[in-house]
Amino acid sequence: MQGFYWGMLHPFSSGPQLLMLIAMSLLIQQRLPEGEAAFTGLWIGCILGAVFAGFGIAGLDLDLPLTLAAVIAGLLVAGALKLGGAALWAAGGIAGLLSGYVSWPDPGPASDMFFSGLGAITGSILLVILAGGGIELLRQKAGWPWLAVAVRVAGSWAVAISVLLGALLYRNSA
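Numbering-wise, my numbering puts 113 at position 113 of the sequence shown, and it's gapless, one number per residue.
Printed below as a string of structure tokens:
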């Protein structure tokens, strides 16, 4: 169970993944109830991404794609652009694939890898639930009219931070 616990903390050890998950939680909350399609795509994508990492493609550096996904999700939040259910599902699925892939642990004993990977996926999904759900609970209970604007501002901050992080990542890879 120690591997599961440490795996749950994995999203907090990867800046690009954390930014992308926060931007996705804002996107999901901002578009509720239609945003549930993005959440469904996210958790299915997380599982598939971990399976791809565990049984197939390995060794990819997804920091730049994760950062780009955070920028796109943040722009969608900041612009409050309306998306259909299929587009939301696809956005969540792509984000989930990336997150699930980077959540898979380094090679080791199979049982340890499974529990650590399961913990990382669980941590990613819980982060989205708690962030998006907390904002939605605050919206429902407090009823502050400015909260929708605050979510859009948070989306723009996610974009700004992601662009800066992407510049640093690109500089280091060039």
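All C-beta atoms in this analysis are idealised placements derived from N, C-alpha and C, irrespective of residue type, glycine included.
Predicted model only: the values in this text are computed from it and were never measured.
- Segment contact flag, the stretch 2–18 with the stretch 66–76, C-beta cutoff 8 Å, min 3 pairs: Of all C-beta pairs linking the stretch 2–18 to the stretch 66–76, three or more are shorter than 8 Å, placing the two stretches in contact.
- Item | Endpoints, the alpha helix (DSSP H) within which residue 139 is located | Start and end: 110–142.
- Tell whether a beta-carbon distance below 7 Å holds between residue 96 and residue 38. No, the pair does not count as a contact, with Cβ atoms beyond the cut-off.
- Query: Taking the alpha-carbon positions, what's the residue 157 to residue 45 distance?
  - Reply: Approximately 25 Å, taken between the alpha carbons.
- What residue ranges within the stretch 42–104 form continuous alpha helix (DSSP H) runs of no fewer than 4 residues, ordered along the chain? Here the runs fully enclosed are 63–79 and 85–103.
- Cβ-based burial, residue 120 [other Cβ within 10 Å; buried from 16]: So residue 120 ends up on the buried side.
- Identify whether residue 31 lies in helix, strand or coil by the three-state DSSP scheme. Secondary structure at residue 31: coil, using DSSP grouped into helix, strand and coil.
- Message: Below 8 Å on the Cβ atoms is my contact criterion, and I expect residue 47 with residue 128 to pass it. Report the Cβ-Cβ distance as a whole number of Å.
- Response: About 14 Å; that fails the 8 Å criterion.
- Query: Could you give the distance in angstroms between the alpha-carbon of residue 76 and the alpha-carbon of residue 53?
  - Reply: Roughly 28 Å separates the two Cα atoms.
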